[in-house]
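Notes to accompany the following structure.
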Amino acid sequence: SAVISAPAMRRVLSLPKKAPSEAPVPGKWRPSGKNPKTVEAISWLRTLPCCVLIRPLRIGIKAYLVSILPSHIDKRSLTRALRWWCTQKEYLQVAVIGADRVDVDGHAVGTVSEKQAAYSLELLKRWELEAVDNILKDR
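Pasting the structure below:
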């Protein structure tokens, strides 16, 4: 296995210290390898005001989304879509202490706690370490 220098690893794992002043816009999404029902649920999710920009979602938003879910999308697919949305690199980067959480209409309804931010940081580090491992495997 290849060795990565400490400065290179710090660059790979560099994380924002605070929430960006503007939320990032979701990038082009490629549904390769996803269940067709999940793809449909993700596409629907991305049409909602809460997912136009990447911002932390309100705790418990799934219960409300289930109540407005189109009949052709099932609850399991929604769960998978939310899991995908909330584990994107950009989502994890904006889930820092004090960042606003938004409801389905995109209105601020709470903030990210220290514990929640720490969990996002843990996932982001894991995500980025996997990316480094994949780069090293391709060498």
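So in this note's numbering, spot 134 of the sequence shown is number 134, and the numbers just go up one at a time.
Glycine included, C-beta positions come from ideal geometry on N, C-alpha and C.
Exposure of residue i, with buried meaning 16 or more beta-carbon neighbours within 10 Å
| i | result |
| --- | --- |
| Leu92 | buried |
| Leu78 | buried |
| Arg83 | exposed |
| Pro36 | exposed |
| Ile73 | buried |
Cα-Cα separation between residue i and residue j, rounded to whole angstroms
| i | j | result |
| --- | --- | --- |
| Ser21 | Lys89 | Below a pLDDT of 50, predicted positions are generally treated as unreliable, and Ser21, at 49, falls in that range; no measurement from the model is reported. |
| Gly106 | Leu48 | 8 Å |
| Val102 | Pro70 | 21 Å |
| Val12 | Asn134 | In this prediction, Val12 has a pLDDT of 49, which is less than 50 and means its spatial position is unreliable; what the coordinates show is noted afterwards. If you take the alpha carbons of Val12 and Asn134, they lie about 13 Å apart. |
| Arg10 | Arg76 | Low confidence applies to Arg10: its pLDDT is 47, below 50, so where it sits in the model is not reliable, and the reading given next is rough at best. If you take the alpha carbons of Arg10 and Arg76, they lie about 38 Å apart. |
| Lys137 | Ala41 | 32 Å |
Residue-chain proximity (residue i, chain D), Cβ-Cβ < 9 Å
| i | result |
| --- | --- |
| Arg101 | The structure shown contains no chain D; it is built from a single protein chain. |
Alpha helix (DSSP H) segment containing residue i, residue limits
| i | result |
| --- | --- |
| Asp133 | Glu114 to Lys137 |
| Arg80 | Lys75 to Cys86 |
| Thr38 | Pro36 to Leu45 |
| Ala63 | Ile61 to Ile68 |
Integer-rounded CB distance, given that residue j should sit under 8 Å from residue i
| i | j | result |
| --- | --- | --- |
| Val112 | Val132 | That pair is no contact at about 26 Å. |
| Cys86 | Leu57 | 7 Å |
Of the residues the options, the one placed nearest residue i, counting alpha carbons only
| i | options | result |
| --- | --- | --- |
| Leu65 | Val52, Leu53, Arg55 and Ala81 | Ala81 |
| Lys104 | Ile42, Ala41, Ile68 and Thr38 | With the sequence shown as reference, residue 104 is identified as Val, and Lys is not the correct amino acid for it. Of the listed residues, the one whose Cα sits closest to Val104 is Ile68. |
| Arg55 | Glu128, Trp127, Ser120 and Leu136 | Ser120 |
| Lys62 | Leu53, His72, Val52 and Leu45 | Leu45 |
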